[in-house]
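Residues 1 to 199 in UniProt numbering are what the sequence shown spells out, letter by letter.
Just so you know, even glycine gets a beta-carbon here, dropped at the ideal spot from N, CA and C.
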Amino acid sequence: MYLHIVLITILFLLTGCGESLAITPQEKVVAEKIGQESANTVLRTMMMKLMEEVQKDGPVGAAKFCSENVHDLTKEIKKELKKGVSIKRVSQKNRNPKNAPTAQEQKAIDFFTTKIKSKEDVPEKHLVKNNENGQVFVNYYKPLYVAPLCLNCHGNPQKMSPKLVEMLKKKYPQDKAVGFKPGDFRGVLKVSIPVALLK
């Protein structure tokens, strides 16, 4: 009896630490559908808003919008997603420290980085099922690449306006998100889907 309790405790601790779990065929199909729809909604909305800001106030306005309003925009986008679904942009070369990857998110980044470095076909998504703080999610990871528009704020700092560089240094003194070229792997968009939605 004691051994049985110990084994259950060990299993609980392992899954509670974010250990990957098996994804059923049903969960895979539904998670891919929800993940793709959610990711497309997020990326389409944010790109449209950024283009508006660039046209209105230039790169400085777009950067200001990202730093001051993107949280509110994310909350608005979340209303369009299925209840319980959450989204997060993650990058090793992050501008905002809040977008730094956890250990599990780093594994997803490494998955895509390995494919890119080995010149393999890079999949459009990567699914991982995890127990996170006692709740099980299927996380849908979509790779993000640098579009030409992104270079206004994430390209070579020497080619940016001095006003923009000054603003970025002031708001993000630990900024790592510069020096990108078009098509560079930027990080991932993570869509977390509770397994209850996948039944």
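Around the beta-carbon of E166, fewer than 16 other beta-carbon atoms lie within 10 Å, marking it exposed. Comparing alpha-carbon positions, the option among P59, N139, E124, V122 lying closest to N130 turns out to be N139. Here R95 is buried, its C-beta having at least 16 other C-beta atoms within 10 Å. Looking at the backbone, the Cα of P157 and that of L151 are separated by about 9 Å. The residues Y145, V146, in chain order, have a CB closer than 7 Å to that of G183 in the same chain once the five nearest residues on each side in sequence are set aside.
Secondary structure remark: continuous alpha helix (DSSP H) runs of at least 4 residues inside the stretch 25-106, in chain order: 25-78.
Annotated as proximal: Y141 and V188, with beta-carbon spacing under 8 Å. Distances from the alpha-carbon of A39 to those of K170, C153, P143 put P143 closest. F111 sits away from F185, with the two beta carbons spaced by 8 Å or more. Comparing alpha carbon positions, the residue from K28, Q36, L43 closest to E124 is Q36.
Going by C-alpha positions, A177 is about 10 Å away from L168. Within a 10 Å sphere around the beta-carbon of M160 sit 16 or more other beta-carbons, which makes this residue buried. DSSP places N139 within a strand segment (E or B) once states are collapsed to three.
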